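Residue numbers (my numbering), protein chains in the order written: chain A, 13 to 323; chain B, 1320 to 1610.
The block underneath contains the structure these notes are about, expressed in structure tokens.
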Amino acid sequence: MESIIKVTHLTKVFKEVTAVNDLSFTVQKGDVYGFLGQNGAGKSTTIRMLLTLITATEGHIEIFGYDLNKHRKKILSNVGAVIERPDLYKYLTAFETLQLFAKMSEVKIGRQQLMEQLEMVGLAQRAHSKVRTYSQGMKQRLGLAVALVHNPELIILDEPTNGLDPQGIADIRNLILMLSQKMNKTILVSSHLLSEIEQIANRMLIIDKGKKLVEGSVNELFSPDDTMIFLETADNIICVNVLRANGYASNITSVDEKGIELKLRKEQVPALTRMLIENNTEILGITPRHSLEDYFLKITTANQHVEPFKN
Amino acid sequence: MWSLLKIELFKVFKRPRTYIAFIAVWAIVTLIQVAIYVDGPKYMDFVMKDIKDNFDVIGNPLNGYFVCFLILQTLLIHVPLLVALVSADMVAGEANMGTLRLLITKPISRTKLLLSKFIASSVYAIILLIWIAILGLFVSMLVFGTDGLMNVKSYEIIILNGNDIFWRYICAFGYAAIALITVAALGFFFSIFAENSLGPIVATMSVIIVFTILTTLDIPLFQSVKHLFFTSHMIGWKGFFEMKLDADGVSIPGTIRNLPAVLRSAGILFLHIVLFTGGSIFIFNRKDVLS
């Protein structure tokens, strides 16, 4: 597999704060690579180092097999980026903005192609409106069009869904999936919206306090053993007794008046359901709790700032 | 580089703020011209009150060249402040808008990016100067006609013939361009450090105002160091309106009295431009962009 980004022992120190600490990871060609971490974990600092906005204190970055320090121009001509909010020139139209950044990327793109780019991000109708009249979601999509205007192989998106409403988030998610699946782009996307990453990434890295916690494919990271089920029944006390009597005692992780939480393998779920029905348990709901968010909270729990609220 | 410069100029002239200076210059020049047109003779009486008994003035002293000289004396102190509005915003404004980080992720070297921005702000200063020349010189020549120019100083009166003036204005505007680019370079330098435009604009204006005050104060301490302030050299354009004298003390038309001093002042300003721009590039190339 071809490595697109190879980061080794990357460190960034701001005066006395170590924002990124000995970080190493690899993004393969075709990956949608989720870059996860709490606010202040070092995601944006890492991305800024990848884009040469800030210099690394230590470590090495290789993109497309080239050293970033030595081949900056060559590398960046094949990289598109949206860094947090894509603040663009408010006094320009979307068309002018795209035209301007196409020229900056030293590519010759005709009017028709620019309009196609705007069409792709759903802004063709407003191509000649000033950016100051755009909603945050539209600006974000225009930012993505700017990142794509020179048809880069690698796209780096830093918190692309920040400040967007649910529709805006869905738009960006769909665009990322389209870019990955139809246009075969390699995408590095950072977010603290973990459910978003879960839906789009095939591989991911979780960092905390600038350090790598875990890296791997999303499937590998969620072993079936970690599947959690939340069971709501008409009488949870009776249900607990049924579970214990049928060999599920070790699977119960918590019980309260709202329901029962069980940890079990995915393939055990149908058998569990059948057993409960056969024992006349009135099931009100079975909710899977297996998600990236649980996983993320589990491995970053030591850094939690506020205790979980319990009613 | 040419492509980058075109992009920067496109951005500069797309912004409404850019045109404030052009409107301000138009307003000031027009007001002066209207005032001279309406009340010119009274103004001339005031200017010549101490000498009119000893001189017979022949011709039209209140002509376009004189009006332009008056306009330049008034404007060339304030125009630097208008230039600072744009130059000090070139990098800080981008940082404030959040577009600076987008520019740096493009395959362009930071040096080229900065140079294109600096040249764009210099072009803006020159265009503003051309605007002043059109309104102040050509419109005044059209409205008030042309004749000899009386340059009344505190210790002498220099009278230039009508056919010995126009080239002096060309030189004076050329010199003023260097002076304004120096201001642009200073604003640009401050712009590197800030993430909003206001700070560098105020800083540039403050330096110009403080240095100008120190230059004009007749205090021995400041007199000895005032040649170190670039503002002292910004008024060097006036040197083009002084003539050499022959052995009998008669002016020699077509000459500049102290050309080496004028050129030295222009050289000092040029050194400031190199220093401010070089400093900006040196610092910016090592700066972490966190905006």
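Each residue gets a CB set at the ideal place from its N, CA and C atoms; glycine is no exception.
A quick note: this is a predicted structure, and the numbers were derived from the prediction, not measured.
What residues in its chain sit with their C-beta under 8 Å from that of residue i, if we drop five residues either side in the sequence?
i, result
"A:Leu-22", "Val-32, Asp-34, Leu-35, Ser-36, Thr-58, Met-61, Ala-68, Glu-70, Gly-71, His-72, Ile-73"
"A:Ser-56", "Ile-95, Glu-96, Asp-170, Glu-171, Ser-202"
"B:Leu-1419", "Val-1410, Glu-1413, Val-1608, Ser-1610"
"B:Phe-1580", "Reading off the sequence, residue 1580 of chain B comes out as Ala, not Phe. Excluding residues within five positions, the ones whose Cβ falls inside 8 Å are Gly-1555, Gly-1558."
"B:Lys-1606", "Ile-1511"
"B:Gly-1464", "Asn-1379, Asn-1382, Gly-1383"
"A:Ser-15", "Thr-38, Val-39, Gln-40, Lys-41, Glu-74, Gly-77"
"A:Thr-173", "Gln-152, Gly-180, Ile-181, Ile-184, Arg-185, Ser-203, Leu-205, Glu-208"
"A:Glu-269", "Asn-248"
Which same chain residues, not among the five before or five after residue i, have their C-beta less than 7 Å away from its C-beta?
i, result
"B:Val-1471", "Val-1366"
"A:Ile-87", "Ile-75, Phe-76, Tyr-78, Leu-80"
"B:Phe-1508", "Phe-1595, Gly-1598, Ser-1599"
Which residue's Cα is closest to the Cα of residue i: the options?
i, options, result
"B:Asp-1565", "B:Trp-1556, B:Gly-1558, B:Arg-1576", "B:Arg-1576"
"B:Ser-1525", "B:Asp-1466, B:Thr-1550, B:Gly-1558", "B:Thr-1550"
"A:Lys-102", "A:Lys-142, A:Glu-128, A:Leu-126", "A:Lys-142"
"B:Val-1502", "B:Ala-1452, B:Asn-1482, B:Phe-1530", "B:Phe-1530"
"A:Glu-244", "A:Thr-293, A:Lys-197, A:Met-287", "A:Thr-293"
"B:Ala-1496", "B:Ile-1528, B:Leu-1468, B:Val-1442", "B:Val-1442"
"B:Cys-1387", "B:Val-1344, B:His-1591, B:Arg-1336", "B:Val-1344"
"B:Gly-1597", "B:Ala-1513, B:Leu-1433, B:Asp-1537", "B:Leu-1433"
"A:Gln-99", "A:Glu-128, A:Ser-89, A:Leu-154", "Note on identity: in this sequence residue 99 of chain A is Asp, with Gln being the wrong assignment. Among A:Glu-128, A:Ser-89, A:Leu-154, the Cα nearest to that of A:Asp-99 belongs to A:Leu-154."
"B:Leu-1547", "B:Ile-1587, B:Gly-1558, B:Pro-1572, B:Phe-1512", "B:Ile-1587"
"B:Ile-1571", "B:Ile-1484, B:Ala-1439, B:Leu-1422", "B:Ile-1484"
"A:Gly-175", "A:Ile-167, A:Leu-135, A:Gln-152, A:His-162", "A:Gln-152"
"A:Leu-63", "B:Ile-1511, B:Met-1469, B:Pro-1426", "B:Pro-1426"
"B:Pro-1519", "B:Gly-1506, B:Ile-1527, B:Ile-1528", "B:Gly-1506"
"A:Phe-107", "A:Gln-125, A:Lys-197, A:Leu-284, A:Asn-214", "A:Gln-125"
"B:Trp-1450", "B:Thr-1430, B:Leu-1391, B:Leu-1422", "B:Leu-1391"
"B:Ile-1602", "B:Ala-1513, B:Leu-1421, B:Asp-1358, B:Ile-1339", "B:Ala-1513"
"B:Asn-1604", "B:Gly-1568, B:Leu-1582, B:Lys-1431, B:Ala-1585", "B:Lys-1431"
"B:Phe-1437", "B:Ile-1423, B:Ser-1406, B:Thr-1424", "B:Ser-1406"
"B:Gly-1493", "B:Ile-1528, B:Asp-1466, B:Met-1553", "B:Met-1553"
"B:Gly-1573", "B:Leu-1582, B:Gly-1481, B:Thr-1393, B:Asp-1364", "B:Gly-1481"
"A:Ala-139", "A:His-83, A:Gly-122, A:Ser-262, A:Thr-105", "A:Thr-105"
"B:Gly-1467", "B:Arg-1583, B:Arg-1487, B:Ile-1453", "B:Arg-1487"
"A:Ile-264", "A:Val-230, A:Leu-187, A:Leu-274, A:Ile-188", "A:Leu-274"
"B:His-1397", "B:Leu-1582, B:Asp-1364, B:Phe-1341, B:Ile-1370", "B:Phe-1341"
Note down, in chain order, every chain A residue with its Cβ under 9 Å from the Cβ of residue i.
i, result
"B:Ser-1322", "Lys-115, Met-116, Glu-118"
Contact check, residue i vs residue j under 8 Å by CB: the rounded distance?
i, j, result
"A:Leu-112", "A:Val-133", "At roughly 16 Å, the Cβ-Cβ gap does not stay under 8 Å, so A:Leu-112 and A:Val-133 are not in contact."
"A:Met-216", "A:Tyr-45", "7 Å"
"A:Ile-17", "A:Val-39", "4 Å"
"A:Lys-115", "B:Ile-1326", "6 Å"
"B:Leu-1400", "B:Ala-1444", "12 Å between Cβ atoms; not a contact."
"A:Glu-227", "A:Lys-197", "Their Cβ separation, rounded to whole angstroms, is 20 Å, which puts A:Glu-227 and A:Lys-197 out of contact at 8 Å."
"A:Leu-200", "A:Ile-168", "5 Å"
"B:Leu-1447", "B:Val-1402", "7 Å"
"A:Ser-10", "A:Val-161", "No answer is possible for residue 10 of chain A: the residues shown for chain A start at 13 and end at 323."
"A:Ile-181", "A:Glu-208", "7 Å"
"B:Ile-1477", "B:Met-1562", "7 Å"
"A:Val-252", "A:Ile-272", "6 Å"
Counting contacts by CB-CB distance shorter than 8 Å, is residue i in contact with chain E?
i, result
"A:Ser-89", "Looking for chain E here will not work: the only protein chains present are A and B."
Which residues of chain A have a Cβ atom closer than 8 Å to the Cβ of residue i, listed in chain order?
i, result
"B:Met-1617", "The question about residue 1617 of chain B has no answer here: the residues shown for chain B are numbered 1320 through 1610."
"B:Val-1608", "Arg-60, Leu-65, Ile-66"
Looking only at its own chain, which residues have a Cβ that is under 6 Å from the Cβ of residue i, when we skip the five neighbours before and after it?
i, result
"B:Tyr-1356", "none"
"B:His-1591", "Thr-1501, Phe-1549"
"B:Cys-1490", "Phe-1559"
"A:Asn-90", "Pro-164, Glu-165"
"A:Ala-93", "Leu-63, Ala-159, Ile-168"
"A:Lys-223", "Asn-33"
Cβ closer than 7 Å: which chain B residues qualify as neighbours of residue i?
i, result
"A:Ala-93", "Thr-1424"
"A:Asp-99", "Met-1416, Gly-1417, Thr-1418"
Residue i versus chain B: which residues are under 9 Å apart at the beta carbon?
i, result
"A:Ile-264", "The contacting residues do not exist; A:Ile-264 stays about 49 Å from chain B at best."
"A:Leu-112", "Ile-1326, Phe-1329, Lys-1330"
Name the chain B residues that come within less than 8 Å of residue i, Cβ to Cβ?
i, result
"A:Thr-64", "Ile-1423, Thr-1424"
"A:Lys-85", "Pro-1426, Ile-1427, Ser-1428"
"A:Tyr-103", "Lys-1333, Arg-1334, Pro-1335"
"A:Leu-200", "Simply none; closest approach about 13 Å."
Using only the heavy atoms of the ligand SAH, determine whether one of them is closer than 7 Å to the beta carbon of residue i.
i, result
"A:Ile-264", "The ligand SAH is absent from the structure shown, which contains no ligand whatsoever."
Count the C-beta pairs between the segment 1329 to 1339 of chain B and the segment 1373 to 1393 of chain B that are closer than 8 Å, then say yes if the count reaches three, no if not. Verdict: no, contact absent.
When the Cβ atoms of the segment 1441 to 1461 of chain B are set against those of the segment 1345 to 1355 of chain B, are three or more pairs found closer than 8 Å? Yes, they touch.
- Examine the Cβ distances between the segment 1403 to 1422 of chain B and the segment 1530 to 1550 of chain B and report whether three or more of them are shorter than 8 Å. By the Cβ test, the segment 1403 to 1422 of chain B is not in contact with the segment 1530 to 1550 of chain B, since fewer than three Cβ pairs between them sit closer than 8 Å.
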